[in-house]
Structure formats: C-alpha cells, structure tokens
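Residue numbers (the working numbering): 2 to 156.
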C-alpha cells in the first residue's frame with residue numbers, strides 16, 4: 002500500500018477552528034488593537050515588537066494545551082492514517098502561525114500603511130509567525146514523545 006502524501010495531513014489541521022484557538026486569537030487581537038491604537042503617538046521603547054512577543058508564546062501554548070484529550074485522539078488517528086510526527090508538528094506550527102497572523106493583523110496592516118522599508122515590516126511579522134508556530138507546536142511535541150502516547154498507539 003502506498004503511503005499518503007503529507008499535504009492533506011498538514012493542511013487539514015492548519016486552519017484554527019477550535020474554541021481555544023478563537024479565544025487565543027481574540028486575546029492576542031485585543032492586545033494588537035490596543036498596541037496599534039497606542040502607536041498613533043510616538044512609539045515607546047519599540048513596543049511594536051516586544052509586546053506581541055510577550056503575549057504570543059503563552060497564549061498560543063495555552064490554546065494548544067487546553068484540549069489535549071481530543072488532540073491526542075486526533076494525533077493517534079493521523080498516525081494510523083500514515084502520518085509522521087514531523088507532519089503533525091508542521092500542522093500545529095502552521096495553526097499557531099495563522100493564529101498569530103490573524104490576531105496581529107491590525108499591527109501588520111498599520112505597518113503597511115506607514116511608509117517604511119520592507120525589512121522593518123518583514124522581521125516583526127516573521128518573528129510573530131515563528132513565535133506563534135513554535136509555541137503552538139511544542140506541547141504537541143511533548144505529547145507525541147510521551148510514553149502514554151506510545152502506549153495508546155500500540156493498543
């Protein structure tokens with residue numbers, strides 16, 4: 002039997018669709034909206050990057066951890082379908098990056114409207130995407146590597 006492509010496994014879970022994901026987007030979105038409105042005056046200590054980087058990691062990690070039993074069943078099903086651990090991690094990385102991108106779209110949009118160079122806009126967006134993806138996928142890595150997950154997979 003031929004092993005399935007990685008694309009459906011990764012992209013099927015990349016879109017944030019759970020209540021915890023939407024709540025994380027809402028919390029980060031409130032911070033982003035406040036930060037974008039606060040920068041109408043002169044920015045203080047470069048708050049355009051450090052505030053989001055303080056908010057994104059714990060928020061997406063909490064969203065990723067909050068539904069572990071459901072996610073464990075989903076991950077077991079993906080393994081049974083022929084998925085690998087890197088595919089599952091990539092799927093959660095994309096989901097966390099999309100959560101951060103959606104939530105901080107007011108700051109990103111404001112960056113497009115203010116005349117600035119491409120690296121000044123690209124680097125904060127890249128940092129947000131990496132932080133969102135990395136901290137969303139780390140709890141999944143811990144679950145996949147745990148002995149209880151292996152026991153569930155064997156049975």
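Glycine residues also receive a C-beta, built at the ideal position from the N, C-alpha and C atoms. Please read these numbers as outputs of a predicted model, since none were measured by experiment.
- request: Excluding the 5 residues preceding and the 5 following residue 37 in the sequence, name in chain order all residues of the same chain whose CB lies nearer than 6 Å to its CB.
  value: The beta carbon of residue 37 is closer than 6 Å to those of 107, 108, 111 in its chain, skipping five residues each way along the sequence.
- request: Say whether the region 132 to 143 touches the region 85 to 100, bearing in mind that this needs 3 or more beta-carbon pairs closer than 8 Å, one atom from each stretch.
  value: yes
- request: Rounded to whole angstroms, what's the CA-CA distance from residue 73 to residue 87? Just pull it up for me.
  value: 15 Å
query: What does a CB cutoff of less than 6 Å around residue 105 pick up in its chain, not counting 5 residues either side in sequence?
result: 33, 53, 129
task: Could you pull out every residue in the same chain whose Cβ sits closer than 7 Å to the Cβ of residue 60, ignoring the five residues on either side in sequence?
output: 25, 28, 29
field: CB of residue 58 within 7 Å of CB of residue 132, strictly
entry: yes
task: Work out the CA separation of residue 141 and residue 149 for me, nearest whole Å.
output: 13 Å
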